[in-house]
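In this note's numbering, the protein residues as written are 138 to 524.
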Amino acid sequence: MDFTLTPEQVALQESVRKFAQRELPDIARAIEESDEPVSLELRKRYGELGYLGVNLDSRYGGGGLSHLDAVIVLEEIAKISIAVAFPIFESCFGPCLAISHFGNEQLKDSILPGVCSGEIVVAVSMSEPAAGSALTDLTTRAVIDGNTVTVNGNKRWCSGAGHSETYVVYCRLSDAPGAKGIGAVVIPREAAGLSFGRREKHMGFRGVTSADMHFDNVQVPIENLLVPAGGFSKLMDAFDLERCGNTTMSLAVAQSAFDYVLAYTQEREQFGKQLVDFQAVQIHLAEMKMKLEAARLLLYRAVVNAAQGLPSVGESSIAKCFANETVREVTGKAMQLMGGYGYSTEYPIEQKLRDAWGWGIAGGAIDIQKVNITSALVGRRFNQRAK
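Structure below.
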(Lines of atoms letter the chains of each structure in order from A; the text may use other names.)
(Lines give C-alpha, C1' and ligand atoms only; values in the text may rest on other atoms or scores of the structure.)
Protein backbone atom coordinates (compact mmCIF):
# COMPACT_ATOMS: atom_id res chain seq x y z
CA MET A 138 0.00 0.00 0.00
CA ASP A 139 1.63 3.21 -1.24
CA PHE A 140 0.44 6.54 0.17
CA THR A 141 2.44 8.69 -2.26
CA LEU A 142 1.42 10.12 -5.60
CA THR A 143 3.23 8.87 -8.68
CA PRO A 144 5.75 11.18 -10.38
CA GLU A 145 3.17 11.74 -13.14
CA GLN A 146 0.52 12.73 -10.60
CA VAL A 147 2.91 15.09 -8.83
CA ALA A 148 3.72 16.73 -12.17
CA LEU A 149 -0.01 17.01 -12.94
CA GLN A 150 -0.69 18.55 -9.54
CA GLU A 151 2.12 21.10 -9.90
CA SER A 152 1.11 22.13 -13.42
CA VAL A 153 -2.55 22.63 -12.46
CA ARG A 154 -1.54 24.53 -9.31
CA LYS A 155 0.67 26.91 -11.31
CA PHE A 156 -2.11 27.57 -13.82
CA ALA A 157 -4.69 28.11 -11.08
CA GLN A 158 -2.58 30.48 -9.02
CA ARG A 159 -1.46 32.42 -12.09
CA GLU A 160 -4.69 32.81 -14.03
CA LEU A 161 -7.72 32.26 -11.81
CA PRO A 162 -7.65 34.53 -8.71
CA ASP A 163 -8.86 37.66 -10.56
CA ILE A 164 -11.57 35.68 -12.34
CA ALA A 165 -12.67 34.15 -9.04
CA ARG A 166 -12.92 37.57 -7.37
CA ALA A 167 -14.99 38.93 -10.25
CA ILE A 168 -17.37 35.96 -10.05
CA GLU A 169 -17.75 36.40 -6.28
CA GLU A 170 -18.75 40.03 -6.83
CA SER A 171 -21.01 39.53 -9.86
CA ASP A 172 -22.44 36.11 -8.93
CA GLU A 173 -22.21 35.17 -12.62
CA PRO A 174 -21.09 31.66 -13.62
CA VAL A 175 -17.82 30.74 -15.30
CA SER A 176 -17.70 31.98 -18.89
CA LEU A 177 -17.84 29.69 -21.90
CA GLU A 178 -14.39 31.03 -22.81
CA LEU A 179 -12.85 29.72 -19.57
CA ARG A 180 -14.66 26.41 -19.93
CA LYS A 181 -13.13 25.99 -23.38
CA ARG A 182 -9.73 26.86 -21.94
CA TYR A 183 -10.18 24.08 -19.38
CA GLY A 184 -11.05 21.75 -22.23
CA GLU A 185 -7.91 22.66 -24.14
CA LEU A 186 -5.80 22.04 -21.03
CA GLY A 187 -7.39 18.63 -20.47
CA TYR A 188 -9.02 19.57 -17.16
CA LEU A 189 -12.53 18.51 -18.22
CA GLY A 190 -13.50 14.85 -18.22
CA VAL A 191 -10.14 13.85 -16.79
CA ASN A 192 -11.55 10.41 -15.96
CA LEU A 193 -13.77 10.04 -19.04
CA ASP A 194 -12.85 7.73 -21.90
CA SER A 195 -10.40 9.24 -24.39
CA ARG A 196 -12.64 8.26 -27.32
CA TYR A 197 -15.01 11.03 -26.18
CA GLY A 198 -12.21 13.54 -25.71
CA GLY A 199 -11.63 12.74 -22.05
CA GLY A 200 -8.28 12.24 -20.39
CA GLY A 201 -8.73 8.52 -19.89
CA LEU A 202 -7.11 8.88 -16.47
CA SER A 203 -8.18 7.69 -13.02
CA HIS A 204 -10.66 9.16 -10.56
CA LEU A 205 -7.68 10.06 -8.37
CA ASP A 206 -6.18 12.09 -11.20
CA ALA A 207 -9.50 13.91 -11.50
CA VAL A 208 -9.45 14.62 -7.75
CA ILE A 209 -5.96 16.09 -8.07
CA VAL A 210 -7.02 18.47 -10.84
CA LEU A 211 -10.27 19.49 -9.16
CA GLU A 212 -8.68 20.21 -5.77
CA GLU A 213 -6.07 22.58 -7.17
CA ILE A 214 -8.65 24.60 -9.10
CA ALA A 215 -11.16 24.59 -6.22
CA LYS A 216 -8.53 25.98 -3.84
CA ILE A 217 -8.97 29.22 -5.75
CA SER A 218 -12.77 29.08 -5.56
CA ILE A 219 -15.54 26.56 -5.98
CA ALA A 220 -17.12 28.71 -8.71
CA VAL A 221 -14.15 28.48 -11.07
CA ALA A 222 -13.92 24.76 -10.29
CA PHE A 223 -17.59 23.96 -10.86
CA PRO A 224 -17.35 23.01 -14.56
CA ILE A 225 -14.50 20.61 -13.69
CA PHE A 226 -16.52 19.17 -10.82
CA GLU A 227 -19.48 18.51 -13.13
CA SER A 228 -17.34 17.02 -15.91
CA CYS A 229 -15.38 14.64 -13.68
CA PHE A 230 -17.84 13.76 -10.92
CA GLY A 231 -21.25 14.95 -12.07
CA PRO A 232 -24.08 13.21 -13.92
CA CYS A 233 -22.05 12.87 -17.12
CA LEU A 234 -20.43 9.90 -15.34
CA ALA A 235 -23.91 8.31 -15.23
CA ILE A 236 -24.17 8.97 -18.96
CA SER A 237 -20.74 7.42 -19.46
CA HIS A 238 -21.65 4.28 -17.51
CA PHE A 239 -25.30 3.76 -18.42
CA GLY A 240 -26.05 5.77 -21.56
CA ASN A 241 -26.47 4.31 -25.03
CA GLU A 242 -23.80 5.07 -27.61
CA GLN A 243 -25.87 7.74 -29.34
CA LEU A 244 -26.37 9.58 -26.07
CA LYS A 245 -22.70 9.33 -25.14
CA ASP A 246 -21.55 10.47 -28.58
CA SER A 247 -23.89 13.47 -28.54
CA ILE A 248 -22.97 14.76 -25.07
CA LEU A 249 -19.60 13.60 -23.73
CA PRO A 250 -17.34 15.19 -26.40
CA GLY A 251 -19.06 18.52 -25.67
CA VAL A 252 -18.46 18.03 -21.96
CA CYS A 253 -14.76 17.45 -22.55
CA SER A 254 -14.41 20.47 -24.85
CA GLY A 255 -16.24 22.83 -22.50
CA GLU A 256 -19.24 23.33 -24.78
CA ILE A 257 -21.62 21.41 -22.49
CA VAL A 258 -22.12 21.28 -18.75
CA VAL A 259 -24.42 18.50 -17.53
CA ALA A 260 -26.33 19.12 -14.29
CA VAL A 261 -28.34 16.64 -12.24
CA SER A 262 -31.95 17.43 -11.35
CA MET A 263 -33.08 15.28 -8.43
CA SER A 264 -34.82 17.15 -5.61
CA GLU A 265 -38.41 18.39 -5.67
CA PRO A 266 -40.45 20.64 -3.37
CA ALA A 267 -41.59 17.57 -1.40
CA ALA A 268 -38.70 15.22 -2.17
CA GLY A 269 -35.23 16.11 -0.94
CA SER A 270 -33.67 13.64 1.44
CA ALA A 271 -36.79 11.51 0.80
CA LEU A 272 -35.87 11.31 -2.86
CA THR A 273 -38.00 8.27 -3.63
CA ASP A 274 -41.07 10.47 -2.98
CA LEU A 275 -40.42 12.35 -6.21
CA THR A 276 -43.45 12.89 -8.47
CA THR A 277 -41.99 14.25 -11.71
CA ARG A 278 -43.28 11.76 -14.28
CA ALA A 279 -41.98 10.56 -17.65
CA VAL A 280 -44.24 8.64 -20.03
CA ILE A 281 -42.88 6.59 -22.90
CA ASP A 282 -45.00 6.57 -26.05
CA GLY A 283 -43.31 4.86 -28.97
CA ASN A 284 -40.08 6.71 -29.67
CA THR A 285 -40.89 9.71 -27.47
CA VAL A 286 -40.56 10.38 -23.74
CA THR A 287 -42.81 13.09 -22.29
CA VAL A 288 -41.90 14.65 -18.95
CA ASN A 289 -44.11 16.66 -16.57
CA GLY A 290 -43.34 17.95 -13.09
CA ASN A 291 -41.28 20.36 -11.03
CA LYS A 292 -37.74 20.22 -9.66
CA ARG A 293 -35.91 22.25 -7.03
CA TRP A 294 -32.32 22.90 -5.86
CA CYS A 295 -30.68 22.01 -9.16
CA SER A 296 -27.16 23.43 -9.15
CA GLY A 297 -26.60 24.78 -12.65
CA ALA A 298 -30.29 25.23 -13.44
CA GLY A 299 -30.79 27.73 -16.25
CA HIS A 300 -27.09 27.89 -17.06
CA SER A 301 -26.10 24.28 -17.77
CA GLU A 302 -26.79 23.06 -21.28
CA THR A 303 -28.08 19.57 -20.36
CA TYR A 304 -29.85 17.92 -17.40
CA VAL A 305 -30.09 14.38 -16.10
CA VAL A 306 -33.59 14.41 -14.64
CA TYR A 307 -34.68 11.80 -12.10
CA CYS A 308 -38.33 10.96 -12.69
CA ARG A 309 -41.03 8.37 -12.19
CA LEU A 310 -41.28 6.12 -15.24
CA SER A 311 -43.82 3.62 -13.93
CA ASP A 312 -46.54 3.28 -11.32
CA ALA A 313 -44.36 1.02 -9.20
CA PRO A 314 -43.99 2.49 -5.70
CA GLY A 315 -40.87 4.13 -4.32
CA ALA A 316 -37.53 3.47 -5.95
CA LYS A 317 -38.93 0.74 -8.22
CA GLY A 318 -40.63 3.29 -10.47
CA ILE A 319 -37.72 5.74 -10.76
CA GLY A 320 -35.34 6.19 -13.69
CA ALA A 321 -33.71 9.14 -15.46
CA VAL A 322 -34.07 11.08 -18.70
CA VAL A 323 -31.55 13.43 -20.34
CA ILE A 324 -33.12 16.75 -21.32
CA PRO A 325 -31.42 19.64 -23.14
CA ARG A 326 -31.92 23.20 -21.90
CA GLU A 327 -33.59 24.30 -25.13
CA ALA A 328 -36.29 21.59 -25.00
CA ALA A 329 -39.78 23.01 -25.60
CA GLY A 330 -41.80 23.11 -22.39
CA LEU A 331 -38.79 23.36 -20.07
CA SER A 332 -38.68 26.60 -18.08
CA PHE A 333 -36.80 27.89 -15.06
CA GLY A 334 -37.93 29.79 -11.99
CA ARG A 335 -36.32 32.77 -10.33
CA ARG A 336 -32.67 32.24 -9.57
CA GLU A 337 -32.02 31.37 -5.93
CA LYS A 338 -29.68 33.49 -3.81
CA HIS A 339 -27.61 31.52 -1.33
CA MET A 340 -25.29 32.32 1.56
CA GLY A 341 -22.37 31.05 -0.49
CA PHE A 342 -21.86 29.25 -3.80
CA ARG A 343 -21.79 32.52 -5.70
CA GLY A 344 -21.34 31.88 -9.40
CA VAL A 345 -23.21 28.56 -9.16
CA THR A 346 -26.76 29.04 -10.44
CA SER A 347 -29.72 27.34 -8.76
CA ALA A 348 -33.41 27.56 -9.65
CA ASP A 349 -36.65 25.63 -9.86
CA MET A 350 -37.24 23.71 -13.08
CA HIS A 351 -40.67 23.24 -14.64
CA PHE A 352 -41.47 20.49 -17.16
CA ASP A 353 -44.67 21.04 -19.15
CA ASN A 354 -45.05 18.21 -21.66
CA VAL A 355 -41.33 18.25 -22.42
CA GLN A 356 -40.67 15.72 -25.16
CA VAL A 357 -37.34 14.06 -25.98
CA PRO A 358 -36.49 11.06 -28.16
CA ILE A 359 -36.37 7.59 -26.61
CA GLU A 360 -32.58 7.65 -26.98
CA ASN A 361 -32.55 10.22 -24.17
CA LEU A 362 -33.83 7.63 -21.71
CA LEU A 363 -30.75 7.12 -19.54
CA VAL A 364 -32.06 4.60 -17.03
CA PRO A 365 -35.51 2.96 -17.17
CA ALA A 366 -37.88 2.43 -14.27
CA GLY A 367 -36.27 0.30 -11.59
CA GLY A 368 -32.81 1.73 -12.22
CA PHE A 369 -32.73 3.99 -9.17
CA SER A 370 -29.97 1.95 -7.51
CA LYS A 371 -27.79 2.33 -10.62
CA LEU A 372 -28.31 6.08 -10.56
CA MET A 373 -27.31 6.23 -6.91
CA ASP A 374 -24.22 4.11 -7.63
CA ALA A 375 -23.14 6.85 -10.05
CA PHE A 376 -24.08 9.49 -7.49
CA ASP A 377 -21.61 7.90 -5.06
CA LEU A 378 -18.90 9.22 -7.37
CA GLU A 379 -20.47 12.68 -7.33
CA ARG A 380 -20.17 12.53 -3.54
CA CYS A 381 -16.41 12.14 -4.04
CA GLY A 382 -16.47 15.36 -6.07
CA ASN A 383 -18.33 17.03 -3.22
CA THR A 384 -15.67 15.68 -0.86
CA THR A 385 -12.93 17.15 -3.05
CA MET A 386 -14.57 20.57 -3.11
CA SER A 387 -14.90 20.47 0.70
CA LEU A 388 -11.27 19.45 1.06
CA ALA A 389 -10.09 22.18 -1.31
CA VAL A 390 -11.96 24.92 0.57
CA ALA A 391 -10.61 23.65 3.89
CA GLN A 392 -7.04 23.23 2.63
CA SER A 393 -6.92 26.70 1.09
CA ALA A 394 -8.32 28.26 4.29
CA PHE A 395 -5.68 26.41 6.31
CA ASP A 396 -2.87 27.46 3.97
CA TYR A 397 -3.95 31.08 4.26
CA VAL A 398 -4.26 31.12 8.05
CA LEU A 399 -1.00 29.20 8.53
CA ALA A 400 0.82 31.97 6.68
CA TYR A 401 -1.19 34.63 8.55
CA THR A 402 -0.23 33.30 11.99
CA GLN A 403 3.45 33.58 11.03
CA GLU A 404 3.06 37.19 9.88
CA ARG A 405 0.60 38.68 12.38
CA GLU A 406 2.08 39.79 15.72
CA GLN A 407 0.39 40.38 19.05
CA PHE A 408 1.96 41.00 22.47
CA GLY A 409 5.33 41.35 20.73
CA LYS A 410 5.46 37.95 19.02
CA GLN A 411 3.97 36.02 16.12
CA LEU A 412 0.59 34.38 16.65
CA VAL A 413 2.09 31.00 15.86
CA ASP A 414 4.25 31.28 18.98
CA PHE A 415 1.19 31.01 21.21
CA GLN A 416 0.46 27.47 22.36
CA ALA A 417 -3.30 27.84 21.83
CA VAL A 418 -2.71 28.75 18.18
CA GLN A 419 -0.35 25.82 17.75
CA ILE A 420 -3.00 23.42 19.04
CA HIS A 421 -5.63 24.82 16.66
CA LEU A 422 -3.28 24.52 13.69
CA ALA A 423 -2.39 20.95 14.59
CA GLU A 424 -6.06 19.97 14.92
CA MET A 425 -6.86 21.52 11.55
CA LYS A 426 -3.96 19.71 9.89
CA MET A 427 -4.96 16.34 11.36
CA LYS A 428 -8.51 16.68 10.06
CA LEU A 429 -7.28 17.69 6.61
CA GLU A 430 -4.94 14.73 6.32
CA ALA A 431 -7.65 12.31 7.45
CA ALA A 432 -10.15 13.78 4.98
CA ARG A 433 -7.69 13.44 2.12
CA LEU A 434 -6.90 9.83 2.95
CA LEU A 435 -10.59 8.92 3.13
CA LEU A 436 -11.19 10.57 -0.23
CA TYR A 437 -8.21 8.89 -1.87
CA ARG A 438 -9.31 5.51 -0.51
CA ALA A 439 -12.77 5.88 -2.01
CA VAL A 440 -11.59 6.85 -5.48
CA VAL A 441 -8.60 4.49 -5.65
CA ASN A 442 -10.68 1.52 -4.58
CA ALA A 443 -13.19 2.44 -7.27
CA ALA A 444 -10.42 2.34 -9.92
CA GLN A 445 -12.17 3.06 -13.24
CA GLY A 446 -15.58 2.06 -11.86
CA LEU A 447 -17.79 3.57 -9.17
CA PRO A 448 -17.03 3.86 -5.44
CA SER A 449 -18.92 2.03 -2.72
CA VAL A 450 -21.69 3.86 -0.92
CA GLY A 451 -19.95 3.21 2.40
CA GLU A 452 -16.57 4.63 1.46
CA SER A 453 -17.97 7.59 -0.48
CA SER A 454 -20.37 8.49 2.33
CA ILE A 455 -17.65 8.28 4.99
CA ALA A 456 -15.37 10.49 2.89
CA LYS A 457 -18.08 13.05 2.14
CA CYS A 458 -19.43 13.19 5.68
CA PHE A 459 -16.01 13.62 7.25
CA ALA A 460 -14.90 16.26 4.73
CA ASN A 461 -18.18 18.17 5.09
CA GLU A 462 -17.70 18.39 8.85
CA THR A 463 -13.98 19.12 8.50
CA VAL A 464 -14.42 22.08 6.14
CA ARG A 465 -16.89 23.69 8.53
CA GLU A 466 -14.54 23.22 11.46
CA VAL A 467 -11.39 24.34 9.64
CA THR A 468 -12.89 27.48 8.13
CA GLY A 469 -14.44 28.36 11.50
CA LYS A 470 -11.11 27.99 13.28
CA ALA A 471 -9.39 29.98 10.53
CA MET A 472 -11.84 32.84 11.02
CA GLN A 473 -11.37 32.75 14.78
CA LEU A 474 -7.58 32.83 14.47
CA MET A 475 -7.79 35.85 12.16
CA GLY A 476 -10.27 37.74 14.32
CA GLY A 477 -11.72 40.80 12.62
CA TYR A 478 -9.62 40.19 9.51
CA GLY A 479 -11.26 36.81 9.07
CA TYR A 480 -14.72 38.38 9.27
CA SER A 481 -13.86 41.07 6.73
CA THR A 482 -14.82 40.68 3.07
CA GLU A 483 -11.41 42.12 2.20
CA TYR A 484 -9.91 38.76 3.10
CA PRO A 485 -10.82 35.31 1.73
CA ILE A 486 -11.79 33.42 4.88
CA GLU A 487 -15.36 34.71 5.21
CA GLN A 488 -16.11 33.54 1.67
CA LYS A 489 -14.57 30.16 2.36
CA LEU A 490 -16.67 29.77 5.51
CA ARG A 491 -19.85 30.62 3.56
CA ASP A 492 -18.97 28.12 0.83
CA ALA A 493 -17.99 25.51 3.41
CA TRP A 494 -21.50 25.11 4.80
CA GLY A 495 -23.10 24.38 1.46
CA TRP A 496 -21.29 21.10 0.82
CA GLY A 497 -22.79 19.44 3.89
CA ILE A 498 -26.24 20.12 2.43
CA ALA A 499 -25.62 19.48 -1.28
CA GLY A 500 -25.37 15.93 -2.54
CA GLY A 501 -27.01 14.41 0.52
CA ALA A 502 -26.99 16.07 3.93
CA ILE A 503 -24.43 15.07 6.55
CA ASP A 504 -26.94 13.14 8.65
CA ILE A 505 -28.17 11.25 5.58
CA GLN A 506 -24.57 10.18 4.92
CA LYS A 507 -24.39 8.81 8.45
CA VAL A 508 -27.53 6.77 7.78
CA ASN A 509 -25.87 5.48 4.58
CA ILE A 510 -22.77 4.52 6.53
CA THR A 511 -24.75 2.52 9.06
CA SER A 512 -26.76 0.93 6.26
CA ALA A 513 -23.52 -0.23 4.65
CA LEU A 514 -22.33 -1.58 8.00
CA VAL A 515 -25.37 -3.78 8.59
CA GLY A 516 -26.01 -4.62 4.96
CA ARG A 517 -29.57 -3.33 4.62
CA ARG A 518 -31.49 -0.15 3.92
CA PHE A 519 -33.49 1.53 6.68
CA ASN A 520 -37.13 2.41 6.22
CA GLN A 521 -37.39 5.90 7.69
CA ARG A 522 -41.19 5.80 7.33
CA ALA A 523 -41.72 2.82 9.62
CA LYS A 524 -43.34 3.62 12.97
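All C-beta atoms in this analysis are idealised placements derived from N, C-alpha and C, irrespective of residue type, glycine included.
Who are residue i's beta bridge partners in DSSP?
i	result
D282	T285
H421	Answer by DSSP bridge pairing: none, since H421 is not bridged.
E331	A small fix is needed here, since residue 331 is Leu in this sequence, not Glu. Note: L331 sits in a beta bridge opposite F352.
Q411	E406
Y307	A321
L362	V322
C295	A348
A268	E265
V357	V286
V259	T303
Please confirm if residue i has its CB atom under 8 Å from at least one CB of chain C.
i	result
Q150	Of the protein chains in the structure, only one exists, and it is not chain C.
Can you tell me the Cβ-Cβ gap for residue i and residue j, rounded? I've got them flagged as a contact below 8 Å.
i	j	result
E288	A279	Rather than Glu, the amino acid found at residue 288 in this sequence is Val. Rounded, the Cβ-Cβ distance is 5 Å, consistent with contact.
S254	G184	4 Å
A502	R465	No, A502 and R465 are not in contact; Cβ-Cβ is about 13 Å, not under 8 Å.
A391	T463	6 Å
R335	T346	That pair is no contact at about 11 Å.
F459	L435	5 Å
V259	S301	7 Å
I505	S270	5 Å
R380	S262	The Cβ separation is near 17 Å, so there is no contact.
N361	I324	7 Å
Can you tell me the Cα-Cα spacing of residue i and residue j, whole angstroms?
i	j	result
Q521	V305	26 Å
S218	D312	43 Å
L429	T141	16 Å
K426	V440	21 Å
W496	L205	20 Å
R196	R491	39 Å
A443	E487	35 Å
V175	K338	17 Å
S171	A165	10 Å
P314	L272	12 Å
L372	Y484	40 Å
A389	I214	8 Å
A375	L447	6 Å
E145	F223	24 Å
A348	E265	11 Å
R182	I248	18 Å
V105	E327	Residue 105 falls outside the range modelled here, since the chain spans only 138 to 524, and no answer is possible.
R159	A167	15 Å
I281	I498	33 Å
V147	L193	20 Å
A431	V398	19 Å
T402	G251	45 Å
D396	L177	30 Å
D414	V450	43 Å
G500	Q416	38 Å
K155	G516	44 Å
G476	A394	14 Å
A267	E151	45 Å
D163	L179	13 Å
K292	Q243	26 Å
D377	N241	21 Å
R143	R405	The sequence given here has Thr at residue 143, not Arg. Their Cα atoms are separated by approximately 37 Å.
Given residue i, which residues of its chain have a CB within under 7 Å of its CB, disregarding the five upstream and five downstream residues?
i	result
F226	L211, G382, M386
S512	R518, F519
V508	F519
Y437	L205
K245	Y197, I236, S237
N461	S387, W496, G497, I503
A400	none
R433	L388
Can you list, in chain order, the residues of its chain with a C-beta nearer than 6 Å to that of residue i? Leave out the 5 residues immediately preceding and following it.
i	result
G320	L310, V364, P365, A366, G368
A526	What the structure shows of the chain is the stretch from 138 to 524, and residue 526 is not part of that stretch, so it cannot be assessed.
V418	T402, L412
S527	Limits of the chain in this structure are 138 at one end and 524 at the other, which puts residue 527 out of reach.
Below 8 Å CB to CB, which residues in the same chain sit around residue i once its five sequence neighbours on both sides are set aside?
i	result
C308	L275, T277, R278, A279, V288, G290, I319, G320, A321, V322
E169	S218, A220, R343, G344, Q488
G283	I359
L149	D206, I209, V210
L514	G451
Does the contact criterion of 3 or more C-beta pairs under 8 Å hold for the stretch 229-236 versus the stretch 460-475?
Too few Cβ pairs lie closer than 8 Å, so no.
Is the stretch 343-354 close to the stretch 207-216, with three or more CB pairs under 8 Å?
The stretch 343-354, when compared against the stretch 207-216, does not touch it at the 8 Å Cβ threshold.
Check whether the stretch 385-393 and the stretch 324-338 are in contact - that is, three or more C-beta pairs closer than 8 Å.
Touching, no, given that fewer than three Cβ pairs across the two stretches are closer than 8 Å.
Quick one: any contact between the stretch 408-416 and the stretch 359-377, if contact means 3 or more CB pairs under 8 Å?
Taking 8 Å as the limit for Cβ pairs, the verdict is that the stretch 359-377 does not touch the stretch 408-416.
Okay, do the stretch 241-256 and the stretch 186-206 touch, 3+ Cβ pairs below 8 Å being the bar?
Touching, yes, given that three or more Cβ pairs across the two stretches are closer than 8 Å.
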